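Input: a single structure, listed below in structure tokens.
In this note's numbering, the protein residues as written are 53 to 228.
Written as structure tokens, this is what we have:
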């Protein structure tokens, strides 16, 4: 990709200039907020720096939640992590699941919508994600997915970022 090294240099320089100027109280508040969201500080700070906004919600694909078929319950590790998040938790039901199936499997989710088809057009994916995000600014919502095609939804929905399910529900979260 042309110019990647220059953009990386500029980004590192801008971050280096920003970080030393933050008051310690702000850093403490952001560390606490990262914990409330179930993220490590570095991931949270990266999202904040790239969007300029706090996170208000997560979009979870049914694949990321490991709910793959009707009448399957949300795994215990996923349910316990979702119960601690202090932000909106929105489900995206991938076929063959319906939103009703995912809502029954994961009642902890605040809202559930149909996920875009994995091979849908960019415009169709944007419409589906816009519906799920609702009135929230899209750059305050992070997508947690479990498939490379789901990562593309991040651009279609103009979301704050994409986290793989393994990273988010694992010990360490990292933004891609």
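Quick reminder that beta carbons are idealized off the backbone N, C-alpha and C, glycines included. Being a predicted model, the structure only gives us computed values, none of them experimental.
Residue i - DSSP class collapsed to helix/strand/coil
i: residue 204; result: coil
i: residue 209; result: helix
i: residue 116; result: coil
i: residue 134; result: helix
i: residue 76; result: helix
i: residue 99; result: helix
i: residue 173; result: coil
Under 8 Å between C-beta atoms of residue i and residue j
i: residue 38; j: residue 149; result: Since the displayed the chain opens at 53 and closes at 228, residue 38 lies outside it and no answer follows.
i: residue 167; j: residue 139; result: no
i: residue 137; j: residue 81; result: no
i: residue 103; j: residue 191; result: yes
i: residue 208; j: residue 178; result: yes
i: residue 143; j: residue 172; result: no
CA nearest to the CA of residue i, picked from the options
i: residue 101; options: 156, 79, 177, 113; result: 79
i: residue 196; options: 177, 185, 221, 175; result: 221
i: residue 184; options: 210, 135, 171; result: 210
i: residue 218; options: 172, 189, 212, 129; result: 129
i: residue 132; options: 143, 117, 207; result: 117
i: residue 135; options: 114, 162, 106, 204; result: 162
i: residue 212; options: 200, 85, 67, 97; result: 97
Exposed unless 16 or more other CB atoms sit within 10 angstroms - verdict on residue i
i: residue 202; result: buried
i: residue 95; result: buried
i: residue 145; result: buried
i: residue 225; result: Residue placement at residue 225 is poorly supported in this model, since its pLDDT is 40, which falls under 50; the coordinates are not used for a value here.
i: residue 24; result: An answer regarding residue 24 cannot be provided, because it is not within the stretch 53 to 228 covered by the chain.
i: residue 205; result: buried
i: residue 174; result: exposed
i: residue 65; result: exposed
i: residue 223; result: Note that residue 223 scores a pLDDT of 48, beneath 50, so its modelled location is shaky; the value from the coordinates is reported in the next line. The residue in question, residue 223, is exposed, as its Cβ has fewer than 16 Cβ neighbours within 10 Å.
i: residue 216; result: buried
> Touching or not, the region 150-166 and the region 121-133, by the rule of three or more beta carbon pairs under 8 Å?
Replying inline: The region 150-166 makes contact with the region 121-133; the number of CB pairs closer than 8 Å reaches 3 or more.
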